[in-house]
Each structure stands twice: as C-alpha cells, then as structure tokens.
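Undergrad: In full-length UniProt numbering, the protein residues as written are 1 to 305.
In this text, a Cβ means the ideal position worked out from N, Cα and C, and glycines have one as well.
In this text, all values refer to a predicted model and were calculated from it rather than measured experimentally.
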Ligand SMILES: Nc1ncnc2c1ncn2[C@@H]1O[C@H](COP(=O)(O)OP(=O)(O)OP(=O)(O)O)[C@@H](O)[C@H]1O
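(1) On the premise that residue 35 lies in contact with residue 189, defined as a C-beta separation below 8 angstroms, what is that separation, rounded to the nearest angstrom?
(2) Mapping the DSSP letters down to three states, classify residue 58 as helix, strand or coil.
(3) Mind pulling the alpha helix (DSSP H) runs of 4 or more residues that sit fully within the region 75-153?
(4) Do residue 142 and residue 122 have their CB atoms nearer than 8 angstroms?
(5) Indicate the three-state DSSP secondary structure (helix, strand or coil) for residue 259 in the structure shown.
(6) What do you reckon, is the C-beta of residue 45 under 7 angstroms from a heavy atom of ligand 1?
(7) If you measure between the beta carbons of residue 152 and residue 88, is that distance less than 8 angstroms?
(8) What is the DSSP secondary structure of residue 269, reduced to helix, strand or coil?
(9) Could you pull the start and end residues of the alpha helix (DSSP H) that residue 175 belongs to?
(10) Give a single yes or no on whether residue 82 has its beta carbon closer than 7 angstroms to a heavy atom of ligand 1.
(11) Go to residue 45, then tell me how far its beta strand (DSSP E) extends in each direction, as first and last residue.
(12) Given this structure, state the Cα-to-Cα distance separating residue 83 from residue 275, to the nearest angstrom.
(13) Would you say the beta carbon of residue 18 is closer than 7 angstroms to some non-hydrogen atom of ligand 1?
(14) Less than 8 angstroms between the CB atoms is what I'm expecting for residue 64 and residue 45, so what's the real figure, rounded?
(15) According to DSSP, what are the bridge partners of residue 250?
(16) Take the Cβ of residue 98 as the centre, count every other Cβ of all protein chains shown within 10 Å, and call the residue buried at 16 or more, exposed below.
(17) Put residue 34 into one of helix, strand or coil per three-state DSSP.
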C-alpha cells in the first residue's frame with residue numbers, strides 16, 4: 001500500500017517571539033518509517049505535540065488518515081499512539097499492570113489478554129510481575145512501545161525512542177521498531193542519531209530553522225554530501241606528488257599527508273583505471289579504500305551556518 005497516512009501542511013508555531021516552526025511540510029506513506037532529524041531545540045518535539053493534537057499550531061493543517069487533528073482530535077487519536085520522551089510507564093505498577101491499565105483506559109474488550117500478548121511479544125513475560133521501576137532502561141522502553149500498541153493504532157509516534165539506551169538495548173529496540181513496520185504499522189520518529197535514521201527510516205526529513213531543509217531516502221540524503229570517493233594512501237611524498245601529476249585529469253585532492261582522494265562518478269571503471277595507471281607507472285600504494293558519505297556528513301553540511 002502506498003497511500004498517505006499523515007499529511008503535515010504549512011505548520012507554523014511560535015512561542016512569543018521565538019519562531020520555532022516557520023513552515024513545515026511532511027507527508028508519510030502508510031506502512032513506512034519516517035525519521036525526523038534535527039539538532040537540539042530544532043522543534044522536533046513541538047512538531048510532534050502539534051501533530052498529535054497536544055498543542056495548537058499558529059497555522060497550517062495536520063491530517064491523519066484524512067482526519068483533521070485540530071478539528072477532530074478525539075477521532076484522530078483513535079488511529080495513533082504517542083510515546084513521548086518521558087515514558088508513560090508508571091514505575092510503581094508492574095509491567096502487566098501498566099499494560100492492563102492502558103488497555104482498560106482505551107476501552108479494550110479483553111484487557112488481560114492484550115496485556116499478556118504484548119508482554120510476550122516484547123519479551124517481558126518473565127518480568128511481568130515486577131515493578132517497572134526495577135526494569136532496565138531498555139526494558140522500560142520496550143514496555144513503553146508495548147503500551148503504544150494497545151488499541152492497534154495505525155500510526156505510532158516515537159519521540160527520541162532510543163535516547164539514553166546502551167548500544168545493545170538500542171539495537172533491540174531498533175529490531176522491535178522494524179518488526180512493527182513489518183506488521184504494517186506506520187512509524188514516525190524523531191531522533192538526533194543519524195545512524196538510527198539511516199538504519200530504520202524509509203524517508204528522512206531534516207528540520208532546521210523551522211523548516212524541512214532536506215527530505216529523502218537515506219541514500220538520497222547521503223548523496224547530498226557528495227559523491228563516493230576513492231582514497232589513495234602512499235608511502236612517501238615523492239610517490240604522492242607523482243600520483244597527483246599522473247591522475248591530474250581526475251581532479252585529485254591532496255587531503256592529508258600522502259593521501260589523495262578522487263570523486264567517483266562511475267565507481268568501478270574509475271577505480272580500475274586509476275589503479276591500472278598507478279601500476280603501469282610503478283607508483284606503489286600503501287593502501288586504498290572507497291569512502292561513502294555518511295548521514296553525519298549530510299547533517300554537518302545541512303546544519304552549517
Ligand atoms: N512550552 C514552551 N514554551 C516556550 N518555549 C518552548 C516551549 N516548548 C518548546 N519551546 C522552545 O521551542 C524550541 C524547540 O523546542 P523542542 O523541544 O521542540 O526542540 P527539539 O528539537 O525537540 O529539541 P530536543 O532534541 O532537545 O528535544 C526551543 O527553543 C524551546 O525552548
């Protein structure tokens with residue numbers, strides 16, 4: 001399915017003279033993962049609060065499954081859940097009780113069954129009768145995600161879901177998020193981690209100075225940081241100089257001591273031609289490698305200035 005589930009159009013928001021969101025436009029396809037990237041204070045949480053009907057915007061429109069969130073918050077809220085940065089988990093209650101309570105609040109017919117099923121699905125059955133305050137950070141986040149699935153929402157909003165988690169717990173949570181997608185859910189998450197957006201997202205938006213300044217797939221975003229490069233490392237300055245002259249037609253860049261990089265447009269052909277040319281002229285390489293721009297490079301490019 002490829003229909004639009006979420007449409008954010010010309011959304012604006014200021015706090016007094018602080019114009020946080022100037023004009024935000026985003027569309028999200030059903031069954032996809034959208035990652036909203038932005039630096040600290042870029043306005044990611046503010047946007048999420050507007051999109052989920054917790055905060056009024058100063059202009060623009062948000063529709064979820066064609067329902068206007070501002071005009072019909074109660075109807076719209078039936079189709080999504082929202083996990084904010086402050087998890088909704090109650091530490092005094094057990095994992096089971098947390099889920100049971102949410103299921104009852106959502107007027108589910110079989111709250112016990114839902115709690116048990118979700119505990120099992122999120123690998124929390126063993127800890128189900130322990131107070132959530134005794135859970136590790138990763139377990140709390142998993143419980144929080146489990147709670148966000150009560151009521152079988154179409155779209156799940158996650159505000160910085162892995163902030164503060166250790167690498168193992170982060171990987172586990174990423175797996176869980178991917179699994180949610182494979183079950184047909186749409187996920188909209190905010191993150192400061194480029195690696196996270198790269199790993200999870202089908203579509204990424206960069207929020208900067210109140211606007212989405214770039215939008216695309218992880219690969220499209222990486223291309224914004226320039227072409228792949230071939231990095232050549234030589235044993236000495238003499239070889240480096242000879243190589244710079246020999247490869248002049250490739251516009252080589254002398255990046256560092258004894259290091260040259262070349263932009264690769266037709267990757268394999270260029271690489272082979274360059275290596276052949278060096279071999280023919282007996283210019284010895286210490287090592288070489290291909291460098292692909294990362295999302296970090298894009299982030300640095302887009303947040304400059
Ligand atoms: N209720 C509020 N009253 C006044 N200013 C606010 C309010 N909420 C947010 N802001 C301001 O709006 C700006 C964006 O904040 P927001 O929390 O949306 O950013 P963020 O991108 O989510 O940042 P972080 O990654 O640090 O959570 C900040 O300058 C913040 O101080």
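TA: This is what the structure gives:
(1) Here residue 189 refers to the residue found at position 189 when the chain shown is read from its first residue. Here residue 35 refers to the residue found at position 35 when the chain shown is read from its first residue. The pair is a contact, with the Cβ atoms about 6 angstroms apart (cut-off 8 angstroms).
(2) Within the chain shown, residue 58 is the residue found at index 58, counting from 1. Looking at residue 58 - three-state DSSP - the assignment turns out to be coil, as it is neither helix nor strand.
(3) 95-105, 111-121 and 137-148
(4) The sequence position of residue 142 within the chain shown is 142, counting from 1. The sequence position of residue 122 within the chain shown is 122, counting from 1. In contact: residue 142 and residue 122 (Cβ atoms closer than 8 angstroms).
(5) One-based indexing of the chain shown puts residue 259 at position 259. Residue state, collapsed to three classes: strand.
(6) In the chain shown, counting from the first residue as 1, residue 45 sits at position 45. Yes, the beta carbon of residue 45 sits closer than 7 angstroms to at least one heavy atom of ligand 1.
(7) Taking the chain shown and counting its residues from 1, the one referred to as residue 152 is at position 152. Taking the chain shown and counting its residues from 1, the one referred to as residue 88 is at position 88. Going by C-beta atoms, residue 152 is not nearer than 8 angstroms to residue 88.
(8) To locate residue 269, count along the chain shown from 1; it is residue 269. Reduced to three states, the DSSP call for residue 269 is helix.
(9) Position 175 of the chain shown, counting from 1, holds the residue named residue 175. Taken as a continuous stretch (DSSP letters only), the alpha helix (DSSP H) holding residue 175 covers 167-182.
(10) As a working note, residue 82 is residue 82 in the chain shown. Answer for residue 82: no, Cβ out of range of ligand 1.
(11) Counted from its first residue, the chain shown places residue 45 at position 45. Where residue 45 is concerned, there is no enclosing beta strand (DSSP E), although the alpha helix (DSSP H) it sits in stretches over 44-51.
(12) As a working mapping, residue 83 is identified with position 83 in the chain shown. As a working mapping, residue 275 is identified with position 275 in the chain shown. Their backbone Cα atoms lie some 52 angstroms apart in a straight line.
(13) What you label residue 18 is simply residue 18 of the chain shown in a count that begins at 1. The answer is yes for residue 18.
(14) Here residue 64 refers to the residue found at position 64 when the chain shown is read from its first residue. Here residue 45 refers to the residue found at position 45 when the chain shown is read from its first residue. 18 angstroms between Cβ atoms; not a contact.
(15) As a first step, residue 250 is located in the chain shown; it is residue number 250 there, counting from the start. DSSP lists no partner for residue 250.
(16) To locate residue 98, count along the chain shown from 1; it is residue 98. Result: buried.
(17) Within the chain shown, the letter at position 34 stands for residue 34. Residue 34: strand per DSSP, three-state reduction.
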